[in-house]
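For the sequence shown, UniProt numbering assigns the number 1 to the initial residue and increments by one for each residue that follows.
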Amino acid sequence: MTDIHSGQRVAVLVDAQNLYHSAQSLYSNNIDYSSLLEKSVQGRELTRAIAYVIRADSPEEESFFEALTDIGFETKIKDIKTFSDGSKKADWDVGMSLDAVTLANHVDTVVLCTGDGDFSRLCSHLRHEGVRVEVMSFESSTADELKEAADSFLDLSERTETFLL
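As structure tokens, this is what we get:
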């Protein structure tokens, strides 16, 4: 696949829930989204930066959503669903995948910030369409099939001083 160069158009898609839970379980820390965006773009032309977030009625989440916007992310917000048995569910897998496929004709590179193996098929599809796919996540919580399906993988664990607050 194509090497990184300054003329590349880049879309950055962030699975905020996946990164949050990984950072919390591994390091009891939060993600530095400003550093994440800067490193994912790497001096290239940013076309879109989208953070997919879940509203769970936590008091600090609105300020978090605003901070993401201030950093340069477009936020897509989904309310958490509570089922009759008390279980809860919310994920953005389909939404992220649809956005990535839609953006594929407008970018050279898609950066997926997630460790979710469900995105491995998406990586294969994007690469088949000629789009470079980069994955950024914590190695120990990233599915092997996702790492293998991408053109490159950046392990956030190798630079916790950069990617964690």
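In this text, a Cβ means the ideal position worked out from N, Cα and C, and glycines have one as well.
Quiz item: By DSSP, does residue 104 sit in helix, in strand, or in coil?
Solution: DSSP places residue 104 in coil when its eight states are reduced to three.
Quiz item: So, are the CB atoms of residue 80 and residue 56 less than 7 Å apart?
Solution: Yes; because the gap between Cβ atoms is below 7 Å, this pair is in contact.
Quiz item: If we ignore side chains and look at the alpha-carbon of each, how far apart do residue 119 and residue 21 end up?
Solution: Straight across, the Cα-Cα distance linking residue 119 with residue 21 is about 17 Å.
Practice problem: Compare the C-alpha of residue 132 against each of 115, 111, 139 and name the closest. | Solution: Of the candidates 115, 111, 139, the one whose C-alpha sits nearest the C-alpha of residue 132 is 111.
Self-check item: the stretch 3 to 23 contacting the stretch 46 to 53, beta-carbon criterion three pairs below 8 Å
Solution: Taking one beta carbon from each stretch, the stretch 3 to 23 and the stretch 46 to 53 have 3 or more pairs nearer than 8 Å; the two touch.
Quiz item: Taking the alpha-carbon positions, what's the residue 106 to residue 59 distance?
Solution: The alpha-carbon of residue 106 is positioned some 37 Å away from that of residue 59.
Quiz item: Would residue 75 pass as a contact of residue 65 if the rule is Cβ separation under 7 Å?
Solution: The Cβ atoms of residue 75 and residue 65 lie closer than 7 Å to each other.
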